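Visitor: Handing you a structure now.
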Ligand code: NI
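Residue numbers (this note's numbering): 3 to 145.
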């Protein structure tokens, strides 16, 4: 969606000098073109965190590293995905080594259900690492 200049509001706010310096450092360190885009991203990140806290429909991407030789583990991982009210949007499996697999599972649903599903997978014996990236459907934060 293309923004018109009339869609943009110019605002000013006060910051302590030290905090302003920190802001400038972060903007530069993270390679943003300007402070505005950095602040927009901060706001969107906070709104996304709020969606997760409030149990909205969100997107989570779970990355699992596991040992596929662990007896029954692959079946347990599949069972959990079949018996949930969370939507499994996509999954990708990569064979890392003779023993280890990496799997990326993109999930859509209520935040707390996604987190619970991720936690159930994480604690299975043979899962070596699990990381849930919490993001948004974009519906409520896109311009
Ligand atoms: Ni594999």
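Yeah, the Cβ is synthetic: ideal placement off N, Cα and C, and Gly gets one too. If you're wondering where the values come from, they're calculated on a predicted model, not measured in any experiment.
Can you confirm whether the region 134-142 touches the region 70-82 when touching is taken to mean that 3 or more C-beta pairs between the two stretches lie within less than 8 Å?
Guide: Touching, no, given that fewer than three Cβ pairs across the two stretches are closer than 8 Å.
Visitor: Helix, strand or coil, according to DSSP, for residue 120 in the structure here?
Guide: DSSP places residue 120 in helix when its eight states are reduced to three.
Visitor: If you drop the 5 nearest sequence neighbours on each side, which residues of the same chain put their C-beta closer than 6 Å to that of residue 1?
Guide: In this structure the chain extends from 3 to 145, so residue 1 is not present and cannot be described.
Visitor: Quick one: using the 10 Å Cβ neighbour count with 16 as the cut-off for buried, is residue 99 buried or exposed?
Guide: Classification of residue 99: exposed, given that the 10 Å Cβ count is below 16.
Visitor: Measure the Cβ-Cβ separation of residue 130 and residue 104 and say whether it is below 7 Å.
Guide: In this structure, residue 104 does not lie closer than 7 Å to residue 130 by Cβ.
Visitor: Assuming residue 39 is part of the beta strand (DSSP E), what are its boundary residues?
Guide: It is not in any beta strand (DSSP E) - residue 39 instead sits in the alpha helix (DSSP H) that spans 37-55.
Visitor: If you follow the beta strand (DSSP E) that residue 110 is part of, which residue opens it and which one closes it?
Guide: Residues 102-112.
Visitor: For ligand 1, which residues have a Cβ under 6 Å from at least one heavy atom, in chain order?
Guide: Ordered along the chain, the selected set is 70, 95, 97 and 103.
Visitor: Going by other Cβ atoms of all chains shown within 10 Å of its Cβ, with 16 needed for buried, is residue 60 buried or exposed?
Guide: With 16 or more other Cβ atoms within 10 Å, it is buried.
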